[in-house]
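First residue of the sequence shown: 1, per UniProt numbering; consecutive thereafter.
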Amino acid sequence: MRYLTEYKTPKFVLIHSVRYAVLLRIIQVVIFTYSTLYLLIYRKGYQIHDTTVISSVTLKAKGIGQVGMPPNKTIIMDVADYVIPPSENDAIFIMSNFIQTNQKQSICPESIRLKQAICINDDMCSNQPFIPAMNGRWTGRCLFTPEKNIVNQTGAAIKSSTGLCEYAGWCPPEDGDSSSMFVQGIPQFTIFIKTFIEFPLFGIKTKNMVDNLKPCIFDSVYNKDCPIFTIDYMLKEAEDDITERDLMLRYGGVINIKLHWNCNLDRNVKLCKPEYTFTRLDVPFREKPFSVGFNFRYTSTWKQNEEHFRTLTKAYGLRFIITVSGNAGKFNFITLTLNIGSLIGIFGLFRSNIQQFISIGILNNVIQ
Numbered sequence: 001m002r003y004l005t006e007y008k009t010p011k012f013v014l015i016h017s018v019r020y021a022v023l024l025r026i027i028q029v030v031i032f033t034y035s036t037l038y039l040l041i042y043r044k045g046y047q048i049h050d051t052t053v054i055s056s057v058t059l060k061a062k063g064i065g066q067v068g069m070p071p072n073k074t075i076i077m078d079v080a081d082y083v084i085p086p087s088e089n090d091a092i093f094i095m096s097n098f099i100q101t102n103q104k105q106s107i108c109p110e111s112i113r114l115k116q117a118i119c120i121n122d123d124m125c126s127n128q129p130f131i132p133a134m135n136g137r138w139t140g141r142c143l144f145t146p147e148k149n150i151v152n153q154t155g156a157a158i159k160s161s162t163g164l165c166e167y168a169g170w171c172p173p174e175d176g177d178s179s180s181m182f183v184q185g186i187p188q189f190t191i192f193i194k195t196f197i198e199f200p201l202f203g204i205k206t207k208n209m210v211d212n213l214k215p216c217i218f219d220s221v222y223n224k225d226c227p228i229f230t231i232d233y234m235l236k237e238a239e240d241d242i243t244e245r246d247l248m249l250r251y252g253g254v255i256n257i258k259l260h261w262n263c264n265l266d267r268n269v270k271l272c273k274p275e276y277t278f279t280r281l282d283v284p285f286r287e288k289p290f291s292v293g294f295n296f297r298y299t300s301t302w303k304q305n306e307e308h309f310r311t312l313t314k315a316y317g318l319r320f321i322i323t324v325s326g327n328a329g330k331f332n333f334i335t336l337t338l339n340i341g342s343l344i345g346i347f348g349l350f351r352s353n354i355q356q357f358i359s360i361g362i363l364n365n366v367i368q
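Rendered as structure tokens:
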């Protein structure tokens with residue numbers, strides 16, 4: 001019952017000390033300044049934030065390339081030739097180098113690069129397990145390539161001591177050692193990044209294009225609002241080494257284009273523009289990875305005189321992948337009230353602790 005009928009009140013002691021009073025006021029000013037200027041103003045503690053971004057990105061390439069072909073021929077390539085496939089979600093592939101093989105359905109010797117296909121008799125071709133690198137279904141025959149008799153200089157054809165297993169499928173097999181066709185002019189190509197985003201919490205929609213957009217090229221100093229980039233600029237931003245950049249053009253690579261939106265919705269939404277950063281995702285060639293660059297194969301097939309033909313293309317190139325992130329803030333009275341209340345509580349807690357330390361220091365001086 002005594003506990004229920006009693007209450008306690010704090011006791012204040014007034015201490016006259018210029019040194020401790022000045023120290024207390026300095027610490028209070030520092031805490032107050034940090035809380036007000038940094039947490040409330042710089043970090044916008046008066047805003048409610050939305051980091052959920054709904055985005056739609058389309059990429060459009062432009063540029064004319066050329067490929068030198070023997071003997072002394074030049075092929076002109078436009079967007080329809082080097083952008084494969086024509087449309088992707090949040091990505092685009094620019095073919096910068098390729099190997100083409102004209103094939104038809106037939107039987108022929110396996111690729112000499114496949115070691116398991118080297119044979120000296122038919123048994124070696126019929127008792128082989130499945131090999132992923134096979135170019136077709138093996139027939140069980142060992143084919144020997146005729147060679148010129150250079151011993152007696154008769155010019156008669158003789159059989160070589162080793163042959164290659166025969167397969168049924170698309171012939172001839174792709175020759176990886178054959179000369180590739182490099183597309184010149186790739187660094188001067190441009191990519192137009194068109195982005196539309198929405199912050200669902202606020203129902204705000206915007207885009208990365210100004211209303212009166214004119215032909216332009218992005219520049220980090222003079223033209224930051226232009227969404228058109230040269231491939232040369234993106235390569236240099238993603239990779240500093242010029243040797244690596246040349247190898248990426250020849251053997252392919254993967255580059256991430258990150259668009260980060262940091263929007264203050266208390267201002268005009270048209271002032272909200274993304275920041276672009278470019279990073280390389282594939283393993284650098286100098287690290288000698290198991291699989292280098294980026295490439296894939298595709299075919300164009302047709303039929304003529306009851307025979308099936310196709311052109312097999314091994315395409316090397318740059319794959320650009322888009323990722324979008326964002327943070328939007330807008331004034332909210334409840335958020336402001338909660339943050340001010342939290343800062344007052346923190347300020348009071350620091351003030352109480354500091355006063356205790358000062359009181360202990362004064363008592364120690366008195367005791368001494």
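By construction, the Cβ of each residue, glycine as well, lies at the ideal position given by its N, Cα and C atoms. Since we're looking at a predicted model, the values are computed, not measured.
- In this model, Leu-143 and Ser-161 are separated by some 11 Å (Cα to Cα).
- Its Cα nearest to that of Leu-338, the residue Lys-44 stands out among Leu-235, Leu-318, Val-53 and Lys-44.
- The stretch 97-104 makes contact with the stretch 306-320: 3 or more CB pairs, one atom from each, lie closer than 8 Å.
- Each of Val-53, Thr-51, Pro-70 and Val-83 was checked against the Cα of Gly-63, and the nearest Cα belongs to Val-83.
- The shortest C-alpha to C-alpha distance from Gln-304 to any of Gly-169, Lys-104, Ser-220 and Leu-213 is the one to Lys-104.
- Here Tyr-34 carries a helix assignment [DSSP, helix/strand/coil].
- Considering only Thr-301, Thr-277 and Phe-202, the residue with the shortest C-alpha distance to Ala-328 is Phe-202.
- Phe-192 places its beta carbon 8 Å or farther from that of Pro-215.
- Looking at the DSSP output, Asn-223 shares a beta bridge with Asp-219.
- A residue is called buried when at least 16 other Cβ atoms come within 10 angstroms of its Cβ; Gly-176 does not meet this threshold and is exposed.
- The stretch 179-199 makes contact with the stretch 38-55: 3 or more CB pairs, one atom from each, lie closer than 8 Å.
- CA-CA distance, Phe-290 to Asp-282, rounds to 12 Å.
- One Cα belongs to Ile-107, the other to Met-181, and the distance between them is close to 27 Å.
- In the DSSP annotation of this structure, the continuous segment of the alpha helix (DSSP H) that includes Arg-250 starts and ends at 242-251.
- For Ala-80, the enclosing alpha helix (DSSP H) covers residues 79-82.
- CA-to-CA, the gap between Tyr-42 and Tyr-34 works out to about 10 Å.
- DSSP links His-16 through a beta bridge to no other residue.
- Between the beta-carbon of Cys-272 and that of Thr-206 there is about 6 Å, and that keeps the pair under the 8 Å contact cut.
- Gly-136 and Leu-312 have their C-alpha atoms spaced approximately 14 Å apart.
- Straight-line spacing of the CA atoms in Met-124 and Lys-115 works out to 12 Å.
- Each of Ile-340, Ile-48, Ala-21 and Lys-8 was checked against the Cα of Leu-265, and the nearest Cα belongs to Ile-48.
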